[in-house]
Amino acid sequence: MTSTAPRKKLTTSAMIASFADPGQRTSSAPFGHALTRLAHERPEIVGLSADLAKYTDMHVFRDAFPDRFFQMGMAEQVMLGAAAGLAEVGLVPFASTYSVFATRRAYDFLCLDIAEPGLNVNVVGALPGLTTGYGPSHQATEDLAILRGCPNLTIVDPCDSVDIEQAVPALAAAPGPTYLRLLRGAVPTVLDEYDYRFELGKAAELRTGRDVVLISTGLMTMRALQAAARLEADHVDVAVLHVPTIKPLDTEAVLRAARTDRLVVTCENHTVVGGLGEAVASTLAFAGVGTRLVPIALPDEFLAAGALPTLHDRYGLSTDAVVARVKAELGGGAHAPWAADPTPATA
Amino acid sequence: MTSLSTPPVTADSTRGQEDRIDRIRQAAYRIRRNALDMGEVQGQGYIGQALGVADVLAVVYTDQLRYRPEDPHWPDRDRFLLSIGHYAIALYAALAEAGIIPAEELETYGSDDSRLPMSAMASYTPGMEISGGSLGHGLGVATGMALGLRHLGNPARVFDLLSDGELDEGSTWEAALACAHHGLDNVTAVVDVNALQADGPTAGVLRTEPVVDKWRAFGWHALRVDGNDVAALVDAFDELREHRGSPSVLICDTRIGSGVPLLEGREKAHFMRVEPHEWQIARDQLEEGLSR
Ligand SMILES: Cc1ncc(C[n+]2csc(CCOP(=O)(O)OP(=O)(O)O)c2C)c(N)n1
Ligand SMILES: [Mg+2]
Numbered sequence: 001m002t003s004t005a006p007r008k009k010l011t012t013s014a015m016i017a018s019f020a021d022p023g024q025r026t027s028s029a030p031f032g033h034a035l036t037r038l039a040h041e042r043p044e045i046v047g048l049s050a051d052l053a054k055y056t057d058m059h060v061f062r063d064a065f066p067d068r069f070f071q072m073g074m075a076e077q078v079m080l081g082a083a084a085g086l087a088e089v090g091l092v093p094f095a096s097t098y099s100v101f102a103t104r105r106a107y108d109f110l111c112l113d114i115a116e117p118g119l120n121v122n123v124v125g126a127l128p129g130l131t132t133g134y135g136p137s138h139q140a141t142e143d144l145a146i147l148r149g150c151p152n153l154t155i156v157d158p159c160d161s162v163d164i165e166q167a168v169p170a171l172a173a174a175p176g177p178t179y180l181r182l183l184r185g186a187v188p189t190v191l192d193e194y195d196y197r198f199e200l201g202k203a204a205e206l207r208t209g210r211d212v213v214l215i216s217t218g219l220m221t222m223r224a225l226q227a228a229a230r231l232e233a234d235h236v237d238v239a240v241l242h243v244p245t246i247k248p249l250d251t252e253a254v255l256r257a258a259r260t261d262r263l264v265v266t267c268e269n270h271t272v273v274g275g276l277g278e279a280v281a282s283t284l285a286f287a288g289v290g291t292r293l294v295p296i297a298l299p300d301e302f303l304a305a306g307a308l309p310t311l312h313d314r315y316g317l318s319t320d321a322v323v324a325r326v327k328a329e330l331g332g333g334a335h336a337p338w339a340a341d342p343t344p345a346t347a
Numbered sequence: 348m349t350s351l352s353t354p355p356v357t358a359d360s361t362r363g364q365e366d367r368i369d370r371i372r373q374a375a376y377r378i379r380r381n382a383l384d385m386g387e388v389q390g391q392g393y394i395g396q397a398l399g400v401a402d403v404l405a406v407v408y409t410d411q412l413r414y415r416p417e418d419p420h421w422p423d424r425d426r427f428l429l430s431i432g433h434y435a436i437a438l439y440a441a442l443a444e445a446g447i448i449p450a451e452e453l454e455t456y457g458s459d460d461s462r463l464p465m466s467a468m469a470s471y472t473p474g475m476e477i478s479g480g481s482l483g484h485g486l487g488v489a490t491g492m493a494l495g496l497r498h499l500g501n502p503a504r505v506f507d508l509l510s511d512g513e514l515d516e517g518s519t520w521e522a523a524l525a526c527a528h529h530g531l532d533n534v535t536a537v538v539d540v541n542a543l544q545a546d547g548p549t550a551g552v553l554r555t556e557p558v559v560d561k562w563r564a565f566g567w568h569a570l571r572v573d574g575n576d577v578a579a580l581v582d583a584f585d586e587l588r589e590h591r592g593s594p595s596v597l598i599c600d601t602r603i604g605s606g607v608p609l610l611e612g613r614e615k616a617h618f619m620r621v622e623p624h625e626w627q628i629a630r631d632q633l634e635e636g637l638s639r
C-alpha cells in the first residue's frame with residue numbers, strides 16, 4: 001500500500017463513490033428494481049423522495065410508475081409527514097433520502113407521525129455509516145444509535161444486492177414502520193454464494209468456525225467474509241454470523257454464537273456508540289453472559305472527508321483492518337499460526 | 348429596483364464606475380479559472396454551479412465585504428456564510444482571489460488530507476464560516492450572528508448565500524421569519540436561482556416561484572437581478588447596503604456554466620461530468636470571453 005502509493009492523492013470524487021472492490025460482481029440499483037417488481041403486484045405501494053430520487057435508486061420506480069411517485073422537494077420533514085399521511089389512508093409508502101437527513105433532520109417526524117401510530121411506512125436511507133467521503137454532513141455514522149431508541153421501528157442493514165432484493169418485499173409485508181440502510185448504485189452481489197435467504201428479524205450463520213466468530217451487519221458482512229477467508233489461509237477458523245435486522249435483534253442467535261470460548265467480534269459500519277456492538281453487548285450482559293466482546297466499528301468522532309478506500313482503511317472497516325484486528329486480538333507472538341508468513345496478504 | 352442611492356452621474360463618476368465593474372469582471376474571470384482548475388482535479392462535480400455564481404462572489408469579495416485576508420477571524424469582519432456546502436469549489440475559488448487561501452492550494456481540492464474538502468467545513472478552511480453539506484442551515488446561523496453582532500454593538504454585516512433548492516427547506520423559512528421579526532437589517536441573503544436541483548429543474552421538483560413575492564410576504568426587502576450581470580449586481584448590492592429596518596435578500600438568476608459556452612450549452616446537471624480533454628477547451632473559451 002505505502003510503497004506503491006501514487007504521487008497524486010486520492011480524491012473524494014463523488015457521492016457515487018462505490019465501496020465495491022475492483023472487479024467485484026455488482027448489481028445495479030437493486031432497491032429500485034426490487035421496489036418496481038413489488039409494485040407490479042401490490043398497487044398500494046407508492047414512492048416518495050426529497051429531491052434525491054436519482055441518488056437513492058428511487059428513480060427506477062419513479063420512471064416505471066410516475067403516477068405513484070411523489071416528489072416532495074428537498075424537504076425531508078414534510079416528506080416523512082406526508083408518508084405518514086399516505087399510510088393513514090391505506091397506501092404503503094417507501095420514502096427515500098440520505099440516512100443523515102432521514103435521521104437527523106426528520107427524526108421527530110419519523111418518530112411521532114410514523115412510528116408512534118405504528119404505520120407501514122418504509123424509510124429508506126442512503127449513504128449509511130461511512131459510505132461517502134463527503135465528511136460529517138453526509139456520513140450517517142450514528143443513524144442506528146438514533147433509531148434503535150425508537151419504539152416500534154424495524155431496522156435493516158443489508159449486506160449486498162441479494163439482501164436488498166429480498167428485504168424490500170419483506171419490509172412492505174411487515175405491518176409496522178421500517179428503516180432500510182440503503183446501498184445504492186453498483187451494489188456488490190455476495191450472498192448468492194451462500195445458502196442464504198433474508199428473513200426479517202433473523203440472523204444467519206454464513207460460515208462456521210472454531211476460533212473466532214464475527215457477528216456482522218450491513219456491508220461489513222462482506223468484509224467479514226473476506227477476512228474469514230484470509231484468516232483461513234492463516235489457519236484461523238472463523239465463523240460469520242450475519243445480522244441484517246438490527247431491531248428487533250435475533251437475541252437467540254446472538255447468545256448461541258457468543259456462548260462459546262471463541263473470540264467474539266462485532267463488525268458494523270457505524271459508530272461504536274449505540275449500534276450492533278452495543279446491542280450485542282447488552283444482550284449478553286442482560287442474559288448474564290460474561291463473554292468479552294471486540295467491537296469493530298467507527299470511532300466516536302466526526303470522521304474526515306476524503307476518498308472512501310482511504311477512510312475505510314483509516315477507520316478500521318477495510319478487510320485488511322479486520323484481519324489485522326482479529327490477529328491482534330488473538331495475540332501474535334511466535335506461536336501464532338501465521339507467524340511463519342513474512343508478508344501479510346493485502347487486498 | 349426602487350430608490351437607488353448612488354451619487355449623481357458625472358463623466359468622472361461614470362469612469363469610476365466603469366473601472367469598478369471592470370475590476371470585478373477581472374476578478375470573476377480569475378474565480379472561474381480557479382474553479383475550472385479545481386474541477387479538473389476531480390474530473391466532475393459542481394463546476395456548473397461555480398461558474399454560474401462566480402459573478403456574485405466576485406462582487407461580494409472584491410467590492411462589498413469587509414475582511415482582512417491575513418486575519419480570517421478578525422472580530423469586525425463581515426461574515427459570508429456559504430449555506431450551500433456543495434458550492435465549496437466556488438467559494439475556494441473566491442477565497443483564493445481574495446487572498447485568504449493561497450492559490451497553489453487549490454490543486455488539493457477534494458483530495459485526501461486537503462484543507463479544501465468537496466463539501467465545505469468551517470474546521471477545515473480559513474474563511475469558511477460554517478460547516479455545510481446539509482442544506483438549509485445557513486440562514487439560521489446567520490440569524491444568530493446578526494442578533495449577536497447587533498447586541499454587541501458590532502456594525503459588521505452578515506451575508507448568507509443560499510440556493511433555490513434551499514427554498515424547499517422549512518428551516519430556511521423559519522429563519523426568514525426570525526430575521527424579519529427581529530428587524531435584522533444587518534442580514535443580506537443572496538439566493539442563487541439557477542433553476543436546478545438534484546432531481547432536475549426546480550420548477551419540476553418543487554415550485555418555489557414567485558420567489559420575490561414570498562420573501563416580501565415574509566417581511567424582507569427583496570430585489571431580483573440577472574446574477575451574471577456584474578453592473579446590475581453592483582447596483583443591487585449598493586442599494587441593499589443602504590436599506591434599513593428589515594433584512595434584505597437579493598435573488599440572483601444565474602446560468603449554469605456561465606462564461607464557458609461548452610458547459611452552458613450542456614444538459615443541465617447537478618453533478619456535471621466533464622471529459623479530461625474538455626477542461627482546456629473550457630479555459631480557452633473563458634479567456635476568449637474575457638477579451639470580448
Ligand atoms: C438537507 C439536505 N437534503 C438533501 C441534500 C442532498 N442535496 C445536495 S444538493 C441538493 C440539491 C439542492 O438544490 P440546489 O442547491 O439548488 O442544487 P444545485 O443548484 O446545486 O443543482 C440536494 C437535494 C442535502 N445536501 N441536504
Ligand atoms: Mg439550484
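Chains C and V are the protein sequences, given in the same order. Residue 1 is where the first sequence starts when you use the numbering used here, and the numbers rise one by one after that. Residue 348 is where the second sequence starts when you use the numbering used here, and the numbers rise one by one after that. Every residue, glycine too, gets a C-beta built ideally from N, C-alpha and C.
Beta-carbon proximity check, Ile603(V) vs Gln396(V), cutoff 8 Å: yes
Beta-ladder partner(s) of Asn122(C), from DSSP: Phe94(C), Thr178(C).
Classification of Gln411(V) by the beta-carbon crowding that lies within 10 angstroms, buried from 16 upward: buried
Inter-stretch contact (C-beta, 8 Å, three-pair minimum) for the segment 104-114 of chain C and the segment 58-66 of chain C: no
Arg426(V) - partner residues in DSSP beta bridges: Val505(V)
Where Phe69(C) falls: helix, strand or coil (DSSP): If DSSP states are grouped into helix, strand and coil, Phe69(C) belongs with the strands.
9 Å Cβ cut-off: residues of chain C touching Leu316(V): With chain V represented from 348 up to 639, any question about residue 316(V) goes unanswered, as that position is not in the structure.
Cβ-heavy atom distance, Asp418(V) to ligand 4, below 7 Å: Ligands in the displayed structure: ligand 1 and ligand 2; ligand 4 is not one of them.
Pairwise C-alpha distance: Pro93(C) and Ala83(C): In a straight line, the C-alpha of Ala83(C) is about 6 Å away from that of Pro93(C).
Contact test: Ala382(V) Cβ vs ligand 1 heavy atom, cutoff 7 Å: No; taking the cut-off as 7 Å, the Cβ of Ala382(V) has no heavy atom of ligand 1 nearer than that.
Rounded C-alpha distance that separates Asp192(C) from Asn152(C): 31 Å
Chain-ordered residues of the segment 472-492 of chain V with a beta carbon less than 8 Å from chain C: Ser478, Gly479, Gly480, Ser481, Leu482, Gly483
Within 8 Å, strictly: CB atoms of Thr103(C) and Ala50(C): no
Where Asp539(V) sits in the DSSP three-state scheme: strand
Coil, strand or helix - Val607(V) by DSSP: coil
Buried versus exposed, by CB contacts within 10 Å (16 or more), Ser318(C): Within a 10 Å sphere around the beta-carbon of Ser318(C) sit 16 or more other beta-carbons, which makes this residue buried.
Sub-8 Å separation of Ala95(C) and Leu182(C) beta-carbons: no
8 Å Cβ cut-off: residues of chain C touching Met385(V): Correct list: empty, because the minimum Cβ distance to chain C is about 11 Å.
Nonlocal neighbours in the same chain, by C-beta distance under 8 Å from Ile246(C), ignoring five residues either side: Leu144, Arg148, Ile155, Val156, Asp157, Thr217, Gly275, Leu276, Ala279
Start and end residues, alpha helix (DSSP H) containing Arg367(V): Counting along the chain, the unbroken alpha helix (DSSP H) around Arg367(V) starts and ends at 358-389.
Selected residue, minimal CA-CA separation from Ala527(V), among Gly551(V), Lys561(V), Ala503(V): Lys561(V)
Nearest-angstrom Cβ-Cβ length linking Leu404(V) and Ser605(V), presumed shorter than 8 Å: With 8 Å as the limit, Leu404(V) and Ser605(V) do not qualify as a contact, their Cβ atoms being about 12 Å apart.
The beta strand (DSSP E) enclosing His568(V), as first and last residue numbers: 568-573
Per DSSP, the bridge partner or partners of Lys247(C): Ile155(C)
Inter-residue CB distance, Arg262(C) and Val294(C) (contact presumed, cutoff 8 Å): Between Val294(C) and Arg262(C) the Cβ distance is about 11 Å, and since that is not below 8 Å, they are no contact.
Distance CB(Gly512(V))-CB(Met58(C)) smaller than 8 Å: For Gly512(V) and Met58(C), no; Cβs fall outside 8 Å.
For Arg207(C), the residue or residues it bridges with in DSSP: Arg207(C) is bridged by DSSP to Val240(C).
Any non-hydrogen atom of ligand 2 closer than 7 Å to Gln627(V) Cβ: no
N-terminal and C-terminal residue of the alpha helix (DSSP H) that Thr26(C) is part of: Note, Thr26(C): premise wrong, no alpha helix (DSSP H); beta strand (DSSP E) at 26-28.
Ser282(C) beta carbon near ligand 1 (any heavy atom closer than 7 Å): Within 7 Å of the C-beta of Ser282(C) there is not a single heavy atom belonging to ligand 1.
Boundaries (first-last residue) of the alpha helix (DSSP H) holding Val213(C): First-last for Val213(C): 212-216, but that is the beta strand (DSSP E), not the alpha helix (DSSP H).
Any chain B beta carbon closer than 8 Å to Val400(V): The question asks about chain B, but that chain is absent: this structure's protein chains are C and V.
Paired residues, beta bridge with Ile598(V) - DSSP: Val538(V), Arg571(V)
Inter-stretch contact at 8 Å, needing at least 3 Cβ pairs: the segment 506-524 of chain V / the segment 575-583 of chain V: Short answer: they don't touch.
Reduced DSSP secondary structure (H/G/I, E/B, other) of Pro473(V): coil
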